[in-house]
């Protein structure tokens with residue numbers, strides 16, 4: 455089986471030697487030193503993946519990546535930026551240029567190998583279906599045709615469309631209230647954005663874990679990185695056709711905002727603001743519901759242990775009382791025997807003592823085991839919690 459081909463682009467020979475040494479055992483590697491060389495070599499070499507430096511003489515890595523993604527013959531080749539520049543702005547520029555991942559230098563060798571293997575695997579699977587870029591182009595053509603039709607419509611039609619969009623968000627509020635998990639909520643968000651002809655990704659943060667998902671399926675490492683670095687950039691963070699809405703527990707990345715239509719763009723900002731607020735509130739509710747379930751379980755366990763302790767102490771004390779009573783009855787019987795009573799008097803006293811013993815045993819046995827009562831109490835508590843939920 456032939457090896458995957460990797461084209462490495464970096465103007466530093468030392469860096470290239472390191473790359474070659476890391477990859478040569480598993481991949482067929484070709485080294486070039488400028489963006490111009492990359493563009494000249496790429497079609498002839500036909501790499502399965504490109505490693506691209508940012509700072510190079512001539513055209514830099516960003517411009518090189520843009521040219522690769524503009525060419526229909528090379529746009530589907532995954533690109534990983536390897537750069538010493540790792541600020542938020544640099545990563546956003548890499549995402550905007552079309553890169554699939556951004557790895558800061560110096561990098562961990564195993565991390566690089568793992569990311570290359572993952573991207574090659576994802577790209578191989580993607581080659582079995584229609585390319586996402588072709589779909590995007592078709593969508594763009596459809597949007598242009600739609601705009602031409604919209605230009606001939608009246609203000610009444612625009613009002614109807616706005617009402618329809620609001621209805622979509624109202625429907626989201628209704629359906630999101632039924633979501634019990636973050637995965638269900640993100641799917642509901644994507645159903646709404648798809649109905650608005652918007653492509654998006656979403657990140658949810660519950661304080662201990664981070665959940666990422668895309669409306670188109672698997673979310674790319676680059677998009678995850680952009681969501682991570684942009685979550686503190688304000689409520690609306692715009693760059694080119696993309697907008698990120700940030701909240702305390704969630705962020706939504708819209709990847710195809712209608713920037714060529716000012717009116718539609720403004721409407722979408724309003725609609726998306728309502729959608730984002732609703733999604734964030736449902737995230738908060740799910741977090742609270744999870745905490746409530748956890749607290750309820752802790753309370754139930756605590757009460758169970760308390761009942762067990764009470765039951766044990768009750769049984770222990772009842773047995774001790776029974777033993778004391780038996781000892782006292784024996785002492786009384788011995789005393790009776792020493793009193794030299796008549797036979798019928800002894801029989802009367804023994805009958806009284808036996809009756810007392812039986813009543814005492816009945817009393818002890820009636821309250822000997824609290825297990826059934828404790829189980830009924832726990833069932834009642836569970837019912838109370840269910841009503842509160």
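In my numbering, the protein residues as written are 455 to 843.
Using N, Cα and C, we set each Cβ at its ideal position, and we do this for glycine too.
With DSSP as the reference, please indicate the residues paired to residue 666 in a beta bridge.
Taking the chain shown and counting its residues from 1, one reaches residue 666 at position 212. According to DSSP, which records beta bridges pairwise, residue 666 is partnered with 657.
Delimiting residues of the beta strand (DSSP E) encompassing residue 697
Position 243 of the chain shown, counting from 1, holds the residue named residue 697. Taken as a continuous stretch (DSSP letters only), the beta strand (DSSP E) holding residue 697 covers 696-700.
By the three-class DSSP mapping on this structure, what secondary structure does residue 558 have?
For the purposes of this step, residue 558 is identified with residue 104 of the chain shown, where counting begins at 1. Residue state, collapsed to three classes: strand.
Cβ separation of residue 699 and residue 720, assumed to be a contact under 8 Å, to the nearest whole Å:
Against the chain shown, residue 699 aligns to sequence position 245. Against the chain shown, residue 720 aligns to sequence position 266. Not confirmed; about 15 Å, so no contact.
Presumed contact (8 Å Cβ cut-off) between residue 669 and residue 654, rounded CB distance:
Within the chain shown, numbered from 1, the residue matching residue 669 stands at position 215. Within the chain shown, numbered from 1, the residue matching residue 654 stands at position 200. With a Cβ gap of about 5 Å, residue 669 and residue 654 count as contacting.
Reduced DSSP category for residue 586 - H, G, I as helix; E, B as strand; rest coil:
For this step, residue 586 is matched to residue 132 along the chain shown. Confidence in residue 586 is poor, its pLDDT being 46 and thus under 50, which makes the residue's placement unreliable; the coordinate value appears in the next sentence. Residue 586 falls in the helix class under three-state DSSP.
To the nearest angstrom, how far is the alpha carbon of residue 705 from that of residue 685?
As a first step, residue 705 must be located in the chain shown, where it is residue number 251. As a first step, residue 685 must be located in the chain shown, where it is residue number 231. Looking at the two C-alpha atoms, the distance is approximately 7 Å.
Which residue or residues does DSSP assign as beta-bridge partners of residue 692?
Start at 1 with the first residue of the chain shown, and residue 692 comes out as number 238. BP columns for residue 692 point to 697.
Cα-Cα, which of 726, 495 and 491 is closest to residue 511?
Locating residue 511 in the chain shown gives position 57, where the first residue counts as 1. Comparing Cα-Cα distances from residue 511 to each of 726, 495 and 491, the minimum goes to 491.
Residue 473, enclosing beta strand (DSSP E) - first and last residue
Within the chain shown, the letter at position 19 stands for residue 473. Element bounds for residue 473: not the beta strand (DSSP E) but the alpha helix (DSSP H), 467-477.
Thinking C-alpha only, which one of 623, 477 and 506 is nearest residue 723?
Locating residue 723 in the chain shown gives position 269, where the first residue counts as 1. It is 623 whose Cα lies nearest to the Cα of residue 723.
Is residue 458 helix, strand or coil by DSSP?
To locate residue 458, count along the chain shown from 1; it is residue 4. Of the three classes helix, strand and coil, the one that applies to residue 458 here is coil, per DSSP.
Local conformation of residue 671 per DSSP, three classes
For the purposes of this step, residue 671 is identified with residue 217 of the chain shown, where counting begins at 1. Here residue 671 sits in strand by DSSP.
Check whether residue 737 and residue 658 have beta carbons under 7 Å apart
Locating residue 737 in the chain shown gives position 283, where the first residue counts as 1. Locating residue 658 in the chain shown gives position 204, where the first residue counts as 1. Yes. Within cutoff.
Could you give the DSSP three-state label for residue 887: helix, strand or coil?
As shown, the chain starts at 455 and ends at 843. That puts residue 887 outside it, with no answer to give.
Figure out for me which residue from 529, 521 and 516 has the closest Cα to the Cα of residue 502.
As a working mapping, residue 502 is identified with position 48 in the chain shown. When only C-alpha atoms are compared, the closest one is 529.
Taking a contact to mean a Cβ-Cβ separation below 7 Å, would you say residue 629 touches residue 642 in this structure?
The residue labelled residue 629 in the question sits at position 175 within the chain shown. The residue labelled residue 642 in the question sits at position 188 within the chain shown. Result yes, Cβ atoms of residue 629 and residue 642 sit closer than 7 Å.
Leaving aside the five residues before and after residue 619 along the sequence, list all residues of the same chain whose C-beta is less than 6 Å from its C-beta, in chain order.
Residue mapping note: residue 619 aligns to position 165 of the chain shown, counting from 1. Once the five neighbours on either side are set aside, the close Cβ partners of residue 619 are 725.
Per DSSP, which one or two residues make a beta bridge with residue 705?
For the purposes of this step, residue 705 is taken as the residue at position 251 of the chain shown. 657 and 700, per the DSSP bridge assignment.
Is residue 494 buried or exposed, if buried means 16 or more other CB atoms sit within 10 Å of its CB?
On the chain shown, residue 494 is found 40 positions in, with the first residue counted as 1. By the 10 Å Cβ count, residue 494 comes out exposed.
Just verifying my parser: in three-state terms, what is the DSSP assignment at residue 483?
Within the chain shown, numbered from 1, the residue matching residue 483 stands at position 29. Correct three-state label for residue 483: strand.
Which of the three DSSP states is assigned to residue 533 in this structure?
Stepping through the chain shown from its first residue, residue 533 is reached at position 79. Here residue 533 sits in strand by DSSP.
When you compare only the Cα positions, how much space is there between residue 479 and residue 676?
Here the question's residue 479 lines up with position 25 in the chain shown. Here the question's residue 676 lines up with position 222 in the chain shown. Distance between the alpha carbons of residue 479 and residue 676: 27 Å.
Can you tell which of 515, 575, 456 and 712 has its C-alpha closest to the C-alpha of residue 696?
Taking the chain shown and counting its residues from 1, one reaches residue 696 at position 242. Out of 515, 575, 456 and 712, 712 has the C-alpha closest to the C-alpha of residue 696.
6 Å CB neighbourhood of residue 539 in its chain, flanking five on each side removed
Working through the chain shown from its first residue, we reach residue 539 at position 85. If we look at residue 539 and ignore the five residues flanking it on each side, its Cβ neighbours are 508.
Have a look at residue 543 and residue 733 and give me their C-alpha separation to the nearest angstrom.
Working through the chain shown from its first residue, we reach residue 543 at position 89. Working through the chain shown from its first residue, we reach residue 733 at position 279. So the two alpha carbons sit approximately 27 Å from each other.
Alpha-carbon to alpha-carbon, residue 707 and residue 467:
Stepping through the chain shown from its first residue, residue 467 is reached at position 13. Stepping through the chain shown from its first residue, residue 707 is reached at position 253. Taking the straight line joining both Cα atoms gives about 38 Å.
Residue 796 - containing alpha helix (DSSP H), residue span
Locating residue 796 in the chain shown gives position 342, counting from the first residue. Residue 796 -> no alpha helix (DSSP H), and no H or E assigned at all.
Given a cut-off of 7 Å, decide if residue 459 and residue 482 are closer than it, judged by their beta-carbon atoms.
For the purposes of this step, residue 482 is taken as the residue at position 28 of the chain shown. For the purposes of this step, residue 459 is taken as the residue at position 5 of the chain shown. It is a contact, given that the beta carbons lie within the stated cut-off.
For the alpha helix (DSSP H) that residue 546 lies in, which residues bound it at each end?
Position 92 of the chain shown, counted from the first residue, corresponds to residue 546. Its alpha helix (DSSP H) spans residues 542-551.
Going by C-alpha distance, which of 690, 625 and 710 is nearest residue 701?
Position 247 of the chain shown, counted from the first residue, corresponds to residue 701. The option with the nearest alpha carbon to residue 701 is 690.
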